[in-house]
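*Asks:* This structure is in structure tokens; I'll ask about it shortly.
In this note's numbering, the protein residues as written are 11 to 269.
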């Protein structure tokens with residue numbers, strides 16, 4: 011939580027961009043909720059055999075909603091990425107400044123590749139996990155609130171049944187996050203070791219060629235690369251179990267309604 015709050019503090023200089031991103035996300039979410047209702051109106055009109063001229067209004071409205079939704083989503087992506095890259099720039103600059111102020115003893119115990127991984131790869135992880143993740147969570151919550159409001163307005167009993175899987179989904183997300191967090195930490199450490207080996211190998215390429223140590227260097231790099239691949243596959247195994255399970259639990263709401 012402390013790490014998340016520290017990263018989110020970098021958003022303060024870009025409050026206007028963040029507010030605009032949230033506004034566009036809300037607008038896109040609300041526009042996403044309209045097409046199902048318009049499609050229902052169109053289908054009901056066809057079933058009831060109403061005049062064909064009347065049906066063009068909802069069809070034109072549906073096309074307009076799709077156009078407006080795509081426009082707001084386009085603007086959201088543009089604004090969000092501008093804020094995102096500004097935050098990443100500030101974060102990477104602060105990491106580099108911090109490295110410049112460290113003592114010599116800190117650098118003596120660490121390889122160049124590891125330091126490069128901290129300044130570059132770890133910042134990219136922060137971008138994907140915290141910044142993109144926060145936006146996706148906000149959008150998902152807004153969608154859930156909007157759909158829930160419509161369901162309760164239309165039929166509160168069916169809404170309660172449809173939302174029964176939500177606690178299980180929340181628990182599943184918590185369980186996956188707690189398990190994946192430790193594994194991602196392992197993956198980042200292995201990536202740092204792999205980058206360190208690559209950097210040291212390239213910087214010492216003259217010595218490697220002079221002493222004919224190419225085969226040894228290849229084996230050392232492949233060992234670290236294999237460790238990194240194995241760690242990543244372990245994360246993917248967790249995701250391969252988590253994602254289908256959550257989709258199954260989410261679909262249970264529809265099954266419960268039909269029952």
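Don't be surprised by glycine CBs; every beta carbon is placed ideally from N, CA and C.
What residue range does the alpha helix (DSSP H) around residue 238 cover?
*Replies:* Here residue 238 refers to the residue found at position 228 when the chain shown is read from its first residue. Segment 224-268, the alpha helix (DSSP H) holding residue 238.
*Asks:* At the level of alpha carbons, what is the spacing between residue 181 and residue 255?
*Replies:* As a first step, residue 181 must be located in the chain shown, where it is residue number 171. As a first step, residue 255 must be located in the chain shown, where it is residue number 245. Taking the straight line from one Cα to the other gives about 12 Å.
*Asks:* Please report the distance separating the alpha-carbon of residue 79 from that of residue 41.
*Replies:* Counting from 1 along the chain shown, the entry for residue 79 is found at position 69. Counting from 1 along the chain shown, the entry for residue 41 is found at position 31. Near 6 Å, if we compare the C-alpha coordinates of residue 41 and residue 79.
*Asks:* Is there contact here, the segment 82-95 with the segment 21-40, by at least three beta-carbon pairs under 8 Å?
*Replies:* The segment 82-95 vs the segment 21-40: in contact.
*Asks:* Taking 8 Å as the cut-off, decide whether the C-beta atoms of residue 124 and residue 183 are in contact.
*Replies:* Residue mapping note: residue 124 aligns to position 114 of the chain shown, counting from 1. Residue mapping note: residue 183 aligns to position 173 of the chain shown, counting from 1. No, the pair does not count as a contact, with Cβ atoms beyond the cut-off.
*Asks:* For residue 244 versus residue 193, is the C-beta distance shorter than 8 Å?
*Replies:* Residue numbering aside, residue 244 sits at position 234 when the chain shown is read from its first letter. Residue numbering aside, residue 193 sits at position 183 when the chain shown is read from its first letter. Yes; because the gap between Cβ atoms is below 8 Å, this pair is in contact.
*Asks:* I'd like the list of long-range same chain contacts for residue 227, defined as Cβ closer than 7 Å, with 5 residues on each side in sequence excluded.
*Replies:* By one-based count along the chain shown, residue 227 stands at place 217. Answer for residue 227: 211, 218, listed in chain order.
*Asks:* Could you name each continuous alpha helix (DSSP H) segment of 4 residues or more that falls completely within the segment 92-154, going from the start of the chain to the end?
*Replies:* If we require 4 residues or more, the alpha helix (DSSP H) runs fully inside the segment 92-154 come out as 114-118, 122-126, 132-136.
*Asks:* Excluding five sequence neighbours on each side, which residues of the same chain lie with their C-beta closer than 8 Å to the C-beta of residue 75?
*Replies:* Taking the first residue of the chain shown as 1, we reach residue 75 at position 65. The answer, listed in chain order, is 41, 44, 45, 48.
*Asks:* Taking the straight line between their C-alpha atoms, what separation do you get for residue 152 and residue 65?
*Replies:* One-based indexing of the chain shown puts residue 152 at position 142. One-based indexing of the chain shown puts residue 65 at position 55. C-alpha separation (whole angstroms): 31 Å.
*Asks:* Quick check: residue 260 and residue 177, are their CB atoms within less than 8 Å of each other?
*Replies:* Reading the chain shown from its first residue, position 250 is the one you call residue 260. Reading the chain shown from its first residue, position 167 is the one you call residue 177. The answer is no: Cβ separation not under 8 Å.
*Asks:* With 16 as the cutoff for other CB atoms within 10 Å, does residue 163 come out buried or exposed?
*Replies:* Within the chain shown, numbered from 1, the residue matching residue 163 stands at position 153. Exposed.
*Asks:* Using the three-state DSSP reduction, which class does residue 185 fall into: helix, strand or coil?
*Replies:* On the chain shown, residue 185 is found 175 positions in, with the first residue counted as 1. Here residue 185 sits in helix by DSSP.
*Asks:* In terms of residue numbering, what span does the alpha helix (DSSP H) encompassing residue 167 cover?
*Replies:* Taking the chain shown and counting its residues from 1, the one referred to as residue 167 is at position 157. Where residue 167 is concerned, the enclosing alpha helix (DSSP H) stretches over 166-172.
*Asks:* Does the segment 98-108 come into contact with the segment 129-136, if we say contact requires no fewer than three beta-carbon pairs (one atom in each stretch) closer than 8 Å?
*Replies:* A contact exists between the segment 98-108 and the segment 129-136.
*Asks:* How many angstroms separate the CA atom of residue 234 from the CA atom of residue 170?
*Replies:* By one-based count along the chain shown, residue 234 stands at place 224. By one-based count along the chain shown, residue 170 stands at place 160. Looking at the two C-alpha atoms, the distance is approximately 51 Å.
*Asks:* Tell me whether the beta-carbon of residue 161 lies closer than 8 Å to the beta-carbon of residue 168.
*Replies:* As a working mapping, residue 161 is identified with position 151 in the chain shown. As a working mapping, residue 168 is identified with position 158 in the chain shown. Contact flag set, yes.
*Asks:* Going along the chain, which unbroken runs of the alpha helix (DSSP H) with 4 or more residues stay wholly within the segment 30-69?
*Replies:* None, since the segment 30-69 contains no complete alpha helix (DSSP H) of that length.
*Asks:* Can you look up residue 175 in the DSSP assignment and give me helix, strand or coil?
*Replies:* Your numbering for residue 175 matches position 165 in the chain shown. Reduced to three states, the DSSP call for residue 175 is coil.
*Asks:* When burial is assigned at 16 or more other CB atoms within 10 Å of the CB, is residue 20 buried or exposed?
*Replies:* Looking up residue 20 in the chain shown gives position 10. So residue 20 ends up on the buried side.
*Asks:* Using a Cβ-Cβ cut-off of 6 Å (strictly less than) and excluding sequence neighbours within five positions of residue 229, which residues of its own chain qualify?
*Replies:* Position 219 of the chain shown holds residue 229. Same-chain partners within the cutoff: there are none.
*Asks:* Give me the Cβ distance between residue 38 and residue 86, rounded to the nearest whole Å; I'm assuming they're in contact under 8 Å.
*Replies:* Stepping through the chain shown from its first residue, residue 38 is reached at position 28. Stepping through the chain shown from its first residue, residue 86 is reached at position 76. Confirmed, about 6 Å.
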